[in-house]
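Structure record follows, encoded as structure tokens.
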Amino acid sequence: MGQILDKFQGRQWRQRQVRKISDKVFDHFKTQTGRANMTFEELYIATLLVYNDINKHLPGPHFDPPSKERVRAMLEESDINLDGELDRDEFIKFMQKLTAEALTVVSQGLIITLIVAPSVALVTKRVTEGVPGVGRVVQRLPNSVYASLVTLAAVLFQQSVPRIN
Numbered sequence: 001m002g003q004i005l006d007k008f009q010g011r012q013w014r015q016r017q018v019r020k021i022s023d024k025v026f027d028h029f030k031t032q033t034g035r036a037n038m039t040f041e042e043l044y045i046a047t048l049l050v051y052n053d054i055n056k057h058l059p060g061p062h063f064d065p066p067s068k069e070r071v072r073a074m075l076e077e078s079d080i081n082l083d084g085e086l087d088r089d090e091f092i093k094f095m096q097k098l099t100a101e102a103l104t105v106v107s108q109g110l111i112i113t114l115i116v117a118p119s120v121a122l123v124t125k126r127v128t129e130g131v132p133g134v135g136r137v138v139q140r141l142p143n144s145v146y147a148s149l150v151t152l153a154a155v156l157f158q159q160s161v162p163r164i165n
């Protein structure tokens, strides 16, 4: 239950997720190259890896990574010390800016699933009570159990929809 409530915190949750993914990717490149900064080529590959992780691990639709031109423009904006490379702090701010839109969509999907689905379930419970065979079962179920079952069905449906890769 704590994880669900944690996701309602919005911005802080998104920033922690981006930070976790960004740290993992930055550490990977630091280990591979032995350098503490990222060049444009490494940054673009890192962007692709971050978007791959977003598409794998976070619920929601598939998000296409940005073009090289957009990454290059954002590199120039994010490079505070103007050395043409990004250090860890610059990289994390770069990723937060770059992924803000995608993570907003993910958060909205969670809100719809976890708030709207139970509300709709309770509203439609009366309608299903008139269905032969099902009506008696629905009448006997407590509202909380019925809302949980409908929400679970909505989550399973969202996860079963094939993603475009």
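Heads up, the sequence shown is in full-length UniProt numbering, so the first residue is 1 and it goes up one at a time.
Quick reminder that beta carbons are idealized off the backbone N, C-alpha and C, glycines included.
Being a predicted model, the structure only gives us computed values, none of them experimental.
Contacts around residue i, its chain only, beta-carbon distance under 8 angstroms, and the 5 residues preceding and following it disregarded
| i | result |
| --- | --- |
| T128 | V134, G135 and V138 |
DSSP-derived helix/strand/coil call for residue i
| i | result |
| --- | --- |
| L86 | strand |
| N81 | coil |
| T118 | The displayed chain sequence assigns Pro, not Thr, to residue 118. Residue state, collapsed to three classes: helix. |
| Q12 | helix |
| V127 | helix |
| G133 | coil |
C-alpha gap between residue i and residue j, whole angstroms
| i | j | result |
| --- | --- | --- |
| L86 | D23 | 13 angstroms |
| I19 | I92 | Note that residue 19 is Arg in the sequence shown, not Ile. C-alpha separation (whole angstroms): 6 angstroms. |
| D27 | M38 | 11 angstroms |
| F63 | R140 | 42 angstroms |
| residue 166 | V25 | The structure shown does not extend to residue 166, since the chain is modelled only from 1 through 165, so no value can be given for it. |
| K97 | L156 | 31 angstroms |
| N165 | A102 | Per-residue confidence for N165 stands at a pLDDT of 42, beneath the threshold of 50, marking its modelled position as unreliable; the derived number appears in the next sentence. Cα to Cα, the separation comes out at about 15 angstroms. |
| S119 | M74 | 41 angstroms |
Selection from the options that minimises the alpha carbon distance to residue i
| i | options | result |
| --- | --- | --- |
| A117 | L75, T151, V25 and V50 | T151 |
| D83 | T47, F40 and I54 | F40 |
| R121 | P132, A154 and D89 | The displayed chain sequence assigns Ala, not Arg, to residue 121. The option with the nearest alpha carbon to A121 is A154. |
| R88 | S148, R16, Q12 and F29 | F29 |
| I115 | G130, A147, A46 and P132 | A147 |
| K149 | P132, T124 and G130 | This sequence places Leu at residue 149; Lys is not what is there. Out of P132, T124 and G130, T124 has the C-alpha closest to the C-alpha of L149. |
Neighbourhood of residue i by C-beta distance below 7 angstroms, restricted to the same chain and skipping five residues each side
| i | result |
| --- | --- |
| Y44 | K68 and V71 |
| M95 | V18, S22 and V50 |
| D53 | I21 |
Same chain only: Cβ atoms within 6 angstroms of residue i, ignoring 5 sequence neighbours per side
| i | result |
| --- | --- |
| T99 | V18 |
| T47 | P65 and V71 |
Original post:
Where are the beta strand (DSSP E) runs, 3 residues long or more, that stay fully inside the segment 14 to 72, in chain order?
Top reply: none
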